[in-house]
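In this note's numbering, the protein residues as written are 78 to 316.
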C-alpha cells in the first residue's frame, strides 16, 4: 500500500471509530442511516408485501405463505446511494432467503442464500429482456440451520461487494450507479430469523485496489446452481 493511501485509510478509520480488525473491503462505513436489533414486532417503517412476518423468541421471523404463491418479502422505504448493510440470519426450515436491493424500477442486486450456497449477483432488471442477471460468485457452503450467520453488502458507485461469514466476492455494473431503493429481506419456505440490522453511509475504501487484488474476479467462483427437488424448469421471478 502506498504511504498516502495508508494515511488516508487510518484517518478515515479514526474518524468513524472503526477498529483495525474490521478490515474495510470495498467501503468505509460512515453515519448510520437505519439501525435495529429486530427485536420488536414488525411494523413501520417496514412494509411487508408477502408472507408472514412476526416476532418469535425475541427476533423477527419471516415465513412464506402457500396462499401467496410467492416468497415472503419485507422492505424498508429508504432510497440509498453508497451504503453498507449488515445483519445476521438463521435458517429455521426455509429453503432460501436473500438480501435484496431494488432499482427505481424492478430489481438491482442481491445476496441469495440457501443452506448449501451463497450467491452474489446483479439482478435481472427488466425480466422481458435484454437485461439478464449476472452472478458474480456462487459458493458452495454449509449454512447450518439453527446457527446465526452474518451478511454484509457494500455498494459504492458502480461496485458491489457481498460477504457471508468468510465468503467474499464483488462485481460491477452501470445499473449500480442509479438510485438504490427499498432494501429488504425475502424468504422462500418456512422460516428464517433475522437480527442486528444496520445500514450506514459509505465511501470508497482508499485501499480498495489492494483488497480487490486478493479477491476472486467476478465470474471466477461460480459453482453450478442447485435444482430444488420437485421443482419444474420454469423461471420464477425474484422477490
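Think of the CB as a built atom: it goes at the ideal place given N, C-alpha and C, for glycine as much as any other residue.
Check, Outcome
"Residue 288 - containing alpha helix (DSSP H), residue span", "285-289"
"CB of residue 258 within 8 Å of CB of residue 156, strictly", "yes"
"Buried or exposed by the 16-neighbour rule on C-beta atoms within 10 Å, applied to residue 222", "exposed"
"For residue 270, the residue or residues it bridges with in DSSP", "138, 167"
"Sequence-distant residues of its chain with Cβ nearer than 8 Å to residue 110 (five each side left out)", "155, 157, 160, 276, 277, 278"
"Same chain only: Cβ atoms within 7 Å of residue 293, ignoring 5 sequence neighbours per side", "214, 246"
"Per-residue DSSP class, three states only, for residue 279", "strand"
"Host beta strand (DSSP E) of residue 248 (start-end)", "244-249"
"Spatially closest choice to residue 201 from 138, 185, 248, by CA coordinates", "185"
"Contact under 8 Å by Cβ, residue 153 with residue 123", "yes"
"Whether residue 136 touches residue 270 by CB criterion (8 Å)", "yes"
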